[in-house]
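Asker: Same order as they appear, the protein sequences are chains E and A. The opening residue of the first sequence carries number 1 in the working numbering; numbering runs sequentially from there. The opening residue of the second sequence carries number 235 in the working numbering; numbering runs sequentially from there. All C-beta atoms in this analysis are idealised placements derived from N, C-alpha and C, irrespective of residue type, glycine included. The structure under discussion is supplied below as structure tokens; questions concerning it will follow.
There are 2 protein chains.
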Amino acid sequence: MTGIIYGIGVGPGDPELLTVKAARLIAAADLIAYPAPETGDSFARTIAAPYLTAGRPELAIRMNIGDGQFPKDDIYTGAAEELIRAAQAGKTVVVLCEGDPFFYGSFMYLYARMAGRCRVEVVPGVSSLMACAVASRGALAARNDVLTIIPGPLPEEQLRENLASAEAAAIIKVGRHFPKIRRVLRELGLEANTRYVERATLDNQKVMKLNELSEDAVPYFSMLLMHRRGDAWS
Amino acid sequence: MTGIIYGIGVGPGDPELLTVKAARLIAAADLIAYPAPETGDSFARTIAAPYLTAGRPELAIRMNIGDGQFPKDDIYTGAAEELIRAAQAGKTVVVLCEGDPFFYGSFMYLYARMAGRCRVEVVPGVSSLMACAVASRGALAARNDVLTIIPGPLPEEQLRENLASAEAAAIIKVGRHFPKIRRVLRELGLEANTRYVERATLDNQKVMKLNELSEDAVPYFSMLLMHRRGDAWS
């Protein structure tokens, strides 16, 4: 048993935001695995495409990803068994992860099933959290600010409770929860202090102040960044 | 005026955790600037060293960094003026930033002084937040957990208030505030749920459960990661 499994963060979208280490490991892998929707392309694979070696075997782990749904346990269990078998056969396996693997990433559920049964290493990546801050040209937090990361699917009352006391906040997994989140921010008088970022670092990136956004339907890959001072550096 | 200033995240410490974009821009820069302590080497420069082109001019921005102190405004103002002059003379300037530039990074104070006066672009980097989670082999947060980032220099009462209600927390800027932070975690019964990470991704990285750490003096580059469930994936 000489194989190894790497969980690798491929960053927020721009292929140049992969790390040097990620690029090296992806190019050398015997098997490339990645999460993918039930039909269609894998975003993680698209990001890593420039670094893939042609002809290497690939494994798409198809699951109902996005928008507050969580895949069934047996999808992770089945994929973990297949990856472990490859590692036990001596292969170097790379699992591509959008953003960073351990920041709300689904890779953690694979990791929990594989660690201890074969060598598993994780390579951190540029998170969408940092990429969205940069895209919006505003820092997440400064000095001794407390920064709260809040998932958008939370019930309205919990969103309100967390945002009411937050100095700085990033609301992730916005998608179809956007109208509810905007309502809470508006009620708390925080709409003008919030920036909206969609598809950070991609060609079709969109950034605006929340109170200038007219749409009520936003994509899953969007984030809201709030700072009570307006700007972290003020 | 054709020059440009790039603020570039160089990641947590391992030079291979720079992004492909960072490596490319650093190698091509006309002037490399970086924060540095009042005496001694710049950590950001050490991380980026393998990508520097020999003989290029460098500017060390010397300041009292670390451990809850904040540099004086005139250090940022002076450095910003010098960088703007270089950009106005047509130079491509790179400012190296530990971790990510806009996650509690001091680059934001330079950015606020330079943006609008010349072209400034920011390149996100792998943050120590994600690197510490990976080093500790535990995810920061899962599913709909709220994750709170808490600076260690906060007064004890504010630490207690934030940690008492936190589902998952990362305590940053630990350093000389460690005894106070440990006391609060112990009082709240959270010590066994907390991992200690020092110098993540460097050769002398140290990771342990907080209740197995006997020292009371820890370095500035350390972090505490707490999860109320013990592990995010539980």
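So, with DSSP's three-state summary, where would you put Val-184/E?
Answerer: If DSSP states are grouped into helix, strand and coil, Val-184/E belongs with the helices.
Asker: Mapping DSSP to helix, strand and coil, what is Met-114/E?
Answerer: If DSSP states are grouped into helix, strand and coil, Met-114/E belongs with the helices.
Asker: Less than 7 Å between the beta carbons of Ala-314/A and Met-348/A, yes or no?
Answerer: Yes, the pair counts as a contact, with Cβ atoms nearer than the cut-off.
Asker: By alpha-carbon positions, which one of Arg-228/E, Asp-14/E, Asp-216/E and Thr-77/E ends up nearest to Gly-175/E?
Answerer: Per the Cα distances, Asp-216/E.
Asker: Residue range of the alpha helix (DSSP H) that Lys-21/E falls in?
Answerer: Counting along the chain, the alpha helix (DSSP H) containing Lys-21/E begins and ends at 20 to 28.
Asker: Inspect the beta-carbon positions of Ser-370/A and Val-418/A and report whether they are closer than 7 Å.
Answerer: Contact: no.
Asker: Rounded to the nearest angstrom, how far is the Cβ of Ala-404/A from that of Leu-397/A, given a contact under 8 Å?
Answerer: Rounded, the Cβ-Cβ distance is 11 Å, inconsistent with contact.
Asker: Just confirm the distance between the C-beta atoms of Val-134/E and Phe-336/A, as a whole number of angstroms; I'd bet it's less than 8 Å.
Answerer: Indeed, because the Cβ distance is near 6 Å, the residues count as touching under 8 Å.
Asker: Taking Ala-376/A as the query, report the chain E residues whose CB atoms sit under 7 Å from its CB, ordered along the chain.
Answerer: The answer, in chain order, is Tyr-104 and Met-108.
Asker: Shortest alpha-carbon distance to Pro-291/A belongs to which of Pro-249/A, Ile-299/A, Gly-312/A and Tyr-268/A?
Answerer: Minimum Cα distance to Pro-291/A is reached at Tyr-268/A.
Asker: For the stretch 405 to 417 of chain A, which residues have a beta carbon sitting closer than 7 Å to at least one beta carbon of chain E?
Answerer: Cβ contacts with chain E: none found.
Asker: For Ala-426/A and Cys-366/A, I'd like the C-alpha separation in whole angstroms.
Answerer: Going from the Cα of Ala-426/A to the Cα of Cys-366/A covers about 17 Å.
Asker: Using the Cα positions of Gly-128/E and Gly-11/E, report the straight-line distance between them to the nearest angstrom.
Answerer: Note on identity: in this sequence residue 128/E is Ser, with Gly being the wrong assignment. One C-alpha to the other measures close to 7 Å.
Asker: Buried or exposed: where does Arg-130/E fall if 16 or more other Cβ atoms within 10 Å of its Cβ makes it buried?
Answerer: According to the sequence provided, residue 130/E is Met. The question's Arg does not apply to it. Classification for Met-130/E: buried.
Asker: Within the chosen definition, does the stretch 375 to 386 of chain A reach the stretch 147 to 160 of chain E through at least 3 CB pairs nearer than 8 Å?
Answerer: Yes, the stretch 375 to 386 of chain A is in contact with the stretch 147 to 160 of chain E.
Asker: Is it buried or exposed for Lys-263/E, if we count other Cβ within 10 angstroms and need 16 for buried?
Answerer: Since the first and last residues shown for chain E are 1 and 234, residue 263/E lies out of range.
Asker: List the DSSP bridge partners of Asp-241/A.
Answerer: For the sequence presented, residue 241/A should be read as Gly rather than Asp. Bridge partners of Gly-241/A: Val-329/A and Val-356/A.
Asker: What's the gap between the Cα of Val-95/E and the Cα of Gly-13/E?
Answerer: C-alpha separation (whole angstroms): 16 Å.
Asker: On the three-state DSSP scale, how would you describe Arg-371/A?
Answerer: It is coil, neither helix nor strand.
Asker: Can you give me the C-alpha to C-alpha distance between Met-460/A and Val-441/A, rounded to a whole angstrom?
Answerer: Rounded to whole angstroms, Met-460/A to Val-441/A spans 13 Å at the Cα level.
Asker: Measuring alpha carbon to alpha carbon, tell me which residue in Arg-462/A, Gln-439/A and Leu-251/A is nearest Val-452/A.
Answerer: Checked all of Arg-462/A, Gln-439/A and Leu-251/A; the closest Cα to Val-452/A is Gln-439/A.
Asker: Sorted by chain position, which residues of the same chain lie with C-beta nearer than 6 Å to Lys-255/A's C-beta, five sequence neighbours on each side aside?
Answerer: Answer for Lys-255/A: Val-357, listed in chain order.
Asker: For Thr-2/E, which residues in the same chain have their Cβ closer than 8 Å to its Cβ, ignoring the five residues on either side in sequence?
Answerer: Taken in chain order, the residues that qualify are Gly-90.
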